[in-house]
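Residue numbers 1 to 254, in UniProt numbering, belong to the letters of the sequence shown in order. Below is one structure, written out as structure tokens; comments come after it.
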Amino acid sequence: MIQEAAERVLDHLEGVPDGPAANLDGAHEKAAELREPLPEEPTAYDDLLDTLFEEAIVHSSTNVHPGYMAYTPGGGLFHAALADFVADATNRYVGTWFAAPALVALETNVVNWFCEIMGYPDESFGLLTSGGSMANLVATITARRERLDDDFLDGIIYTSDQSHHSVSKATVLAGFPPENVRSIETDERFRMDVDALESAIEEDRDAGKDPSSSSGPRARRTRARWTTSRPSRTSVTERTSGFTPTVPTAGSSR
Ligand SMILES: Cc1ncc(COP(=O)(O)O)c(C=O)c1O
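Structure representation (structure tokens):
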């Protein structure tokens, strides 16, 4: 089975450079065609591979194609695919230390390397997530717990109009009302407009949304900058001294 799947994958990858960067013509019709009720009978392995490689995979964008320039999903490293295969096939439980300490140690190495690359201090730590959506959710909840107390509904989140939709989704999942999210405009280089950010913060303060200046001992304000579609960096901390530090996330560009 491994051999057959590997042959299909290798054939597919060999054909990528000469194929289209995306082939979405007729993809909706194909999707409708492939919907099926719960099967009562088994399907032959070959037939499943045919469906995958000859009908489903061909009707999609080819993120690994050298000409594929849309969106940011990675090119899909072959080495990473092999690593996923080994991890899935050996299927060790790494959700807790005691069940697989050596494997957790390997994961900890990677997290520490990332911290080092980012220039974070020695006591930093983190976790690997399935992608940007989970990373943004974890970052939002971490910021909420770090900056706000349990009654966090006055907390305001500042993000840019270039942020990924998973940012607003994360804020909803983290329990913030949608009206607490400010989408700050960006400049001609798609960086968050810091003057607009300052105005939004002042406006919120004037509207009594910042209890730190009147009733609360803690700054009840969460601030983050996110940019997705285009590379940009906004130096928020330099420009807005006196406010809480920014919360870098998977969505923010360096
Ligand atoms: C900057 C950014 N944030 C978040 C996401 C969402 O990640 P996920 O694929 O986990 O939904 C993406 C996805 O491409 C992204 O580019």
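Here a beta-carbon is modelled for each residue, glycine too, at the ideal position from N, C-alpha and C. Note that the coordinates shown come from a computational prediction; the quantities given were computed from them, not determined experimentally.
Could you pull the start and end residues of the beta strand (DSSP E) that I57 belongs to?
Your numbering for residue 57 matches position 57 in the sequence shown. I57 -> no beta strand (DSSP E), and no H or E assigned at all.
Whole angstroms is fine: what's the gap from I117's alpha carbon to A80's?
Here residue 117 is taken as the residue at index 117 of the sequence shown, counted from 1. Here residue 80 is taken as the residue at index 80 of the sequence shown, counted from 1. If I take the Cα positions, the gap works out to 20 Å.
Considering only the beta carbon of each residue, do R182 and A207 sit closer than 9 Å?
Start at 1 with the first residue of the sequence shown, and residue 182 comes out as number 182. Start at 1 with the first residue of the sequence shown, and residue 207 comes out as number 207. No, they are not a contact pair.
Hey, how far is the Cα of E36 from the Cα of A21?
The residue labelled residue 36 in the question sits at position 36 within the sequence shown. The residue labelled residue 21 in the question sits at position 21 within the sequence shown. Approximately 28 Å, taken between the alpha carbons.
Have a look at E185 and S160 and give me their C-alpha separation to the nearest angstrom.
Within the sequence shown, numbered from 1, the residue matching residue 185 stands at position 185. Within the sequence shown, numbered from 1, the residue matching residue 160 stands at position 160. If you take the alpha carbons of E185 and S160, they lie about 6 Å apart.
Buried or exposed, going by whether 16 or more other CB atoms sit within 10 Å of the CB of V167?
What you label residue 167 is simply residue 167 of the sequence shown in a count that begins at 1. Answer is buried; the Cβ neighbour count reaches 16.
Should M118 be listed as close to ligand 1, given that the test is whether its C-beta is under 8 Å from any heavy atom?
Counting from 1 along the sequence shown, the entry for residue 118 is found at position 118. It does not: the Cβ of M118 is nowhere closer than 8 Å to a heavy atom of ligand 1.
Compute every distance between the C-beta of G208 and the non-hydrogen atoms of ligand 1, then say whether any falls below 8 Å.
The residue you call residue 208 lines up with position 208 of the sequence shown. False, no ligand heavy atom lies under 8 Å from that Cβ.
Got a sec? Which residues, its chain only, sit under 8 Å from L127 by beta carbon, not counting five neighbours each side?
Here residue 127 refers to the residue found at position 127 of the sequence shown. The answer, listed in chain order, is V111 and V138.
Mapping DSSP to helix, strand and coil, what is A139?
Residue numbering aside, residue 139 sits at position 139 when the sequence shown is read from its first letter. In this structure, A139 counts as helix in the three-state DSSP scheme.
Would you kindly check if the distance between the Cβ of G15 and the Cβ of residue 256 is under 9 Å?
With the chain covering only 1 through 254, there is no way to say anything about residue 256.
Provide the residue span of the alpha helix (DSSP H) that contains S160, from first to last.
Mapped onto the sequence shown, residue 160 falls at position 160. Per DSSP, S160 belongs to no alpha helix (DSSP H); it is in the beta strand (DSSP E), I157 to S160.
Does DSSP put A22 in a helix, in a strand, or in coil?
Translated into positions along the sequence shown, residue 22 becomes position 22. Here A22 sits in strand by DSSP.
Using 10 angstroms around the beta-carbon of Y71, count the other beta-carbons present and answer buried if the total reaches 16, otherwise exposed.
Along the sequence shown, read from residue 1 onward, the residue named residue 71 stands at position 71. Per the 10 Å Cβ criterion, exposed.
What do you reckon, are the CB atoms on residue 288 and L77 nearer than 9 Å?
Since the first residue shown for the chain is 1 and the last is 254, residue 288 is missing from the structure and cannot be characterised.
Please go through the same chain and pick out, in chain order, the residues whose beta-carbon is closer than 6 Å to the beta-carbon of A170, but skip the five residues on each side of it.
Residue numbering aside, residue 170 sits at position 170 when the sequence shown is read from its first letter. Excluding sequence neighbours, A170 sits near N136, L137 and T140.
With the cut-off set at 9 Å, would you say A56 and L34 are in Cβ contact?
Locating residue 56 in the sequence shown gives position 56, counting from the first residue. Locating residue 34 in the sequence shown gives position 34, counting from the first residue. Taking 9 Å as the Cβ cut-off, A56 and L34 qualify as a contacting pair.
State yes or no: is the C-beta of D149 within less than 9 Å of the C-beta of K209?
Here the question's residue 149 lines up with position 149 in the sequence shown. Here the question's residue 209 lines up with position 209 in the sequence shown. Cβ distance not < 9 Å, so D149 and K209 don't count as in contact.
What does V181 pair with, by DSSP beta-bridge criteria?
Along the sequence shown, read from residue 1 onward, the residue named residue 181 stands at position 181. V181 pairs with I157.
Going by CA-CA distance only, name the one from L82, E203, A83 and E107 that's closest to V94.
Counted from its first residue, the sequence shown places residue 94 at position 94. That would be E107, whose Cα lies nearest to the Cα of V94.
At 4 residues or longer, and completely inside the region 64-118: list those alpha helix (DSSP H) runs for me, N to C.
DSSP runs (the alpha helix (DSSP H)) wholly in the region 64-118: 78-90 and 101-118.
Could you please give the first and the last residue of the uninterrupted alpha helix (DSSP H) stretch that includes H28?
Taking the first residue of the sequence shown as 1, we reach residue 28 at position 28. Unbroken alpha helix (DSSP H) run through H28: A27 to L34.
When DSSP builds the beta bridges, which residues end up paired with T186?
Residue mapping note: residue 186 aligns to position 186 of the sequence shown, counting from 1. DSSP lists M192 as partners of T186.
Using beta carbons (cut-off 9 Å, strictly below), is R92 in contact with chain D?
Absent from the structure: chain D. Only one protein chain is present.
Could you check whether the Cβ of N136 sits closer than 8 Å to any heavy atom belonging to ligand 1?
The residue given as residue 136 occupies position 136 in the sequence shown. Yes, ligand 1 has a heavy atom inside 8 Å of this Cβ.
How many angstroms separate the CA atom of T129 from the CA atom of L49?
Translated into the one-based positions of the sequence shown, residue 129 becomes position 129. Translated into the one-based positions of the sequence shown, residue 49 becomes position 49. Their Cα atoms are separated by approximately 29 Å.
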